[in-house]
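J.:
In the numbering used here, the protein residues as written are 1 to 126.
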């Protein structure tokens with residue numbers, strides 16, 4: 001995890017979003033432990049309370065669980081839950097702006113499909 005933060009949203013939200021990205025990218029899988037609060041705090045130069053607040057959001061969302069004395073772990077079904085939510089958010093919040101920009105630029109479906117695809121992430125075999 002890098003330690004570059006922006007001013008657009010609170011650090012604990014950015015931290016939460018980074019963990020979410022790690023789960024979606026399968027860098028963290030179901031049952032995997034999250035990096036310890038102390039480790040993230042030291043490596044990111046962030047107050048441990050800020051890290052804990054970001055982690056608590058993940059707990060509140062049902063994505064991770066706290067195991068007393070062991071740390072935080074990714075819950076079963078977390079990735080599927082995230083995918084469903086992120087897809088809905090994309091279609092509701094981001095897609096209308098993307099579609100509007102495509103229309104404004106006069107891009108055709110053929111032009112869009114002819115564009116070279118970015119490297120696609122291949123899911124890890126389980």
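C-beta atoms are modelled at their ideal positions from N, C-alpha and C, and glycine is treated no differently.
To the nearest angstrom, report how far apart residue 90 and residue 35 are at their CA atoms.
T.: Between residue 90 and residue 35, the C-alpha separation is close to 28 Å.
J.: Should residue 26 be flagged as near chain C, meaning a C-beta pair shorter than 8 Å?
T.: Annotation note: the requested chain C is absent from the structure, which comprises a single protein chain.
J.: Let me know if residue 27 comes out buried or exposed under the rule of 16 or more other beta-carbons within 10 Å of its beta-carbon.
T.: By the 10 Å Cβ count, residue 27 comes out exposed.
J.: By DSSP, does residue 65 sit in helix, in strand, or in coil?
T.: It is a strand residue.
J.: Which of the three DSSP states, helix, strand or coil, is assigned to residue 20?
T.: Residue 20: helix per DSSP, three-state reduction.
J.: Where residue 137 and residue 93 are concerned, what is the direct C-alpha to C-alpha distance, given to the nearest angstrom?
T.: With the chain covering only 1 through 126, there is no way to say anything about residue 137.
J.: Express the C-alpha separation of residue 102 and residue 18 in angstroms, rounding to a whole number.
T.: Going from the Cα of residue 18 to the Cα of residue 102 covers about 28 Å.
J.: Grab me the residues of residue 8's own chain with a C-beta within less than 7 Å of its C-beta, minus the 5 sequence neighbours each way, in chain order.
T.: Cβ within range, chain order: n/a, list empty.
J.: In the DSSP assignment, find the beta strand (DSSP E) that holds residue 74 and state where it starts and stops.
T.: First-last of the beta strand (DSSP E) with residue 74: 71-74.
J.: Closer than 6 Å by C-beta to residue 50: which residues in its own chain qualify, once you throw out the five before and the five after it? Chain order, please.
T.: Contacts found: 11 and 12.
J.: In or out: residue 15 buried (at least 16 other Cβ within 10 Å) or exposed?
T.: Per the 10 Å Cβ criterion, buried.
J.: Pick helix, strand or coil for residue 33, following the three-state DSSP scheme.
T.: In this structure, residue 33 counts as strand in the three-state DSSP scheme.
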